[in-house]
Structure formats: C-alpha cells, structure tokens
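Visitor:
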Amino acid sequence: MVILPLQKTWEHEQLEAIIPRYKRQDQTYRDMLNHLRREQAGYLGEQSLQYFQQLLPHKIAALYGLRALGNQHYFQIDLLLVLEKFLLIIEAKHFQGTIELNHFGQIVQTINGQRHVYQNPLEQAEVQKYQLQSLLERHHIKSPPIHTCAVFTHEDVLLKIDNPPANLLTYRQLFQFFQHLYQNSSPQITHAEATKLSHFLKAQHTPKNRHIFAIYNVKSDLIKGGIYCDDCERSKMYYRRAKWICKQCQKTDRYALIRGLKEYALIFRKTTISNGEARDFFGFPSSDTCNRRLSFLRKTGVTKNTVYHIEDLFKK
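Residue numbers 294 to 609, in this note's numbering, belong to the letters of the sequence shown in order.
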C-alpha cells in the first residue's frame, strides 16, 4: 500500500523545464545538466523499486522519497517500508559498471575506463536510521526495529566485493533479503499502530523547495521562450488550425501550449501569467491572439490586471 507515492523532486522538474531552453555555451548550463543527471539517477533508482514493492502484501505501507526533520537536520529515504515486524530503509543506487569497496569503505565505480568514488550507501542508510529514530523519539512514537539495506538497481552492474555485507544487494537479491527478514521477525506493534505510524510519517514529509535560480547563477535572458517540440526538444513549434506543429519533424500536438505553460510555471515559480507575460515568453503576435490562446484557463481581474491561473494545470 503506497502511502507516499514516488514523485520527481521540485528541483528535478525545474531542471527538466529550464535546461532545454537554456543557452548551452554558458557554464551554468553544464552545472545544471550535471545536477539533472544526479536527479534522474536518483529517480530511476527509486522507480526501479516499484516492482519489488508491488510484490509485497498490500497491508505493508510504502513511503517513497520521505524527507523529514530528524535531529536538527533533514533526512531523505528512497523507500521506507512500515509493517508490524520492522521498518526497512532501502537506499537505492542506480549505478552501472563494476562496483568495489576500497579499504576506507567507500564505493568505487568503474565505468568506461573511469573510476568514481562515492560514499558507502550503507553508511547513508545508517544515518537515515539514526535520524528516523530521533524523529520518532521526539514525538514519542512507538516503533518496531529499524533495518537498513542498500540496493544497486541497474541491470548492468557488477558487484565485485569479497564477503559483502548481507544488506548490500543487487536488485535481484532484494526480495530474498526481505523474505529472510520477514520470516525471522515477529510482530512488535499492531497493524493499527503500523498504519498510524505510516500516516504520521507522511504528515512529516517536507519536500525540498529550493528554486534553481537561487542555486545557480541562472540568467533569465538566456532562457529561450516559445513552444518547443518534446521530441526534437530544441525545435520551435508554430500554431496552425488549432494545433501546434514542429518546424523540424512536423509533429503535431494540440496540447503543446499546456506543456509550455507548465514549464513557464516551473521555471519562474509562478501560479499565474498575464497577457503581456505570455506574449513576451511565447511570442504571440497580439493581445487578442494571446487572449484566445489562453481562453481555456481560469482568469481573474479586469483589463490590464487580468491574470490566467496556470496552477490549475497541475491539478488535472
């Protein structure tokens, strides 16, 4: 039972909206692109856990991407399972290539002849466990034991580790690891208490809400306006006979403006758009044309103070 569903982070969605429109030659573009790749890898790792989670009994609560305040600092868990017998923290890594452990306990990834060093995900999971315990103790919440594991979710990964810890796994080992834990544990709380605990944790969820403009030196004048084809990404579309057409691949899309308005909302963190703002960003030739294009949106205000509510698009 999914209590907190898998979602892209706010930063992930902003980056996906900004990067295709941003000038490639700028250093900020490269910094944002690296950030997006990290976000994508994290999301793919969590997404890969969904099949495993769906194999579990319905009564087991699942929380994806839980972010909450622990002992003075926020912590985030890729997937947390809540059941009467135990809580299980799953740290997912969507790494390819060969994975080794060096004598410092760090993860060493070798891919395409290059080596990359990362923090041991089991150490990350242990920190999350400590923070989760701190949160529960602060609120006097009864909890069963907390277990941790780290899972390499990519199909093209080779764990080259002598005597690996029992909770350092490939994706194919995860279900067996869970089954072993489950069969060798006994209930510590009731089902009602587990349900209450999972809903308490959901209520503590606090998504990170940083604006990409504040993280990087994003220059608004380097963000290209217009409606872009989602296949070609960098090719503009033009409007003809109630549909948008890509100049390059000739793809037609009746809903391209909706996608463009959502991107505008994400990029500039706005919930409304005025006629003038829409003309400037999307290049509509006149005020009347703009009003017609945006007529499907809810609007408030009169004359020059009229704004169209683009936040409604995220509710559909």
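Beta carbons are placed, not taken as given, at the ideal position from N, Cα and C, and that holds for glycine.
Can you have a look at I392 and say buried or exposed, based on whether 16 or more other CB atoms are within 10 angstroms of its CB?
Guide: Burial call: buried.
Visitor: According to DSSP, S491 sits in a beta bridge with which residue or residues?
Guide: DSSP lists no partner for S491.
Visitor: Could you tell me the boundaries of the beta strand (DSSP E) in which Q407 lies?
Guide: From DSSP, the beta strand (DSSP E) with Q407 extends over 407-411.
Visitor: Would K544 pass as a contact of C522 if the rule is Cβ separation under 8 Å?
Guide: Yes, the Cβ-Cβ distance between K544 and C522 is below 8 Å.
Visitor: Residues in its own chain within less than 6 Å of K453 by CB, not counting five upstream and five downstream?
Guide: Closer than 6 Å at Cβ, skipping near neighbours: T391, E393.
Visitor: According to DSSP, is K616 helix, strand or coil?
Guide: Residue 616 falls outside the range modelled here, since the chain spans only 294 to 609, and no answer is possible.
Visitor: Specify the secondary structure class of S513 as computed by DSSP and reduced to three states.
Guide: Three-state DSSP puts S513 in a helix.
Visitor: Let me make sure I understand the geometry here. Which of T596, L559, F574 has the alpha-carbon closest to that of L666?
Guide: Outside the modelled stretch of the chain, which goes from 294 to 609, sits residue 666, for which no answer is possible.
Visitor: Straight-line CA distance for K555 to Y548?
Guide: Using only the alpha carbons, I get a separation of about 11 Å.
Visitor: Contact between the region 429-441 and the region 318-333 is defined here as three or more beta-carbon pairs at a separation below 8 Å; is this criterion met?
Guide: Not touching, per the Cβ criterion.
Visitor: Output the residue ranges of the alpha helix (DSSP H) runs that lie fully inside the region 346-404 and measure 4 residues or longer, sorted by chain position.
Guide: If we require 4 residues or more, the region 346-404 turns out to have no alpha helix (DSSP H) run fully inside it.
Visitor: Along the chain, where does the alpha helix (DSSP H) containing V420 start, and where does it finish?
Guide: V420 -> alpha helix (DSSP H) spans 414-431.
Visitor: Quick one: residues in its chain with C-beta nearer than 6 Å to the C-beta of H387, no 5 flanking neighbours on either side, listed in chain order?
Guide: The residues are A334, L337, G338, T446, H447.
Visitor: So the candidates are F397, A418, A496; which of them puts its Cα closest to the Cα of V410?
Guide: Checked all of F397, A418, A496; the closest Cα to V410 is F397.
Visitor: Among Q399, R360, H366, which has the Cα closest to the Cα of I382?
Guide: For I382, the nearest C-alpha among the options comes from R360.
Visitor: Since I believe V375 is in contact with L490 (beta carbons under 8 Å), could you give me their beta-carbon distance rounded to a whole number of angstroms?
Guide: Correct: roughly 6 Å between the Cβ atoms.
Visitor: DSSP beta-bridge partners for V444?
Guide: Note: V444 sits in a beta bridge opposite A385, L462.
Visitor: Under 6 Å Cβ to Cβ from S567, same chain only, skipping five residues before and after it: list those, please.
Guide: The answer, listed in chain order, is V600.
Visitor: If you count every other CB in all the chains shown that lies within 10 Å of the CB of N460, and 16 or more means buried, which is it?
Guide: By the 10 Å Cβ count, N460 comes out buried.
Visitor: What did DSSP end up calling C542 once you bin it into helix, strand or coil?
Guide: Residue state, collapsed to three classes: coil.
Visitor: Within 10 angstroms of its Cβ, does S341 collect 16 or more other Cβ (buried), or is it exposed?
Guide: It counts as buried.
Visitor: Measuring alpha carbon to alpha carbon, tell me which residue in I505, G569, L587 is nearest K597.
Guide: When each option's Cα is compared against that of K597, the closest is G569.
Visitor: With a threshold of 7 Å on Cβ separation, who are the neighbours of K435 within its own chain once the five nearest residues in sequence on each side are excluded?
Guide: The residues are I482, E486.
Visitor: Which partner residues does L297 have in the DSSP bridge list?
Guide: Answer is L356, bridged to L297.
Visitor: Among the candidates T593, L415, Q307, whose CA atom is the shortest distance from the CA of Y509?
Guide: It is Q307.
Visitor: Identify whether T582 lies in helix, strand or coil by the three-state DSSP scheme.
Guide: The answer is helix: DSSP assigns T582 an H, G or I state.
Visitor: Can you tell me whether DSSP reads S341 as helix, strand or coil?
Guide: Helix, per DSSP.
Visitor: For M530, count the other beta carbons within 10 Å of its own beta carbon; 16 or more makes it buried, fewer makes it exposed. Which is it?
Guide: M530 comes out buried.
Visitor: By how many angstroms is the C-alpha of E332 removed from the C-alpha of A571?
Guide: Those two C-alpha atoms are separated by around 29 Å.
Visitor: On the three-state DSSP scale, how would you describe Y322?
Guide: Three-state DSSP puts Y322 in a helix.
Visitor: Curious, which full-length alpha helix (DSSP H) runs of at least 4 residues does the region 549-602 contain?
Guide: List check, alpha helix (DSSP H) in window: 549-561, 568-575, 580-586.
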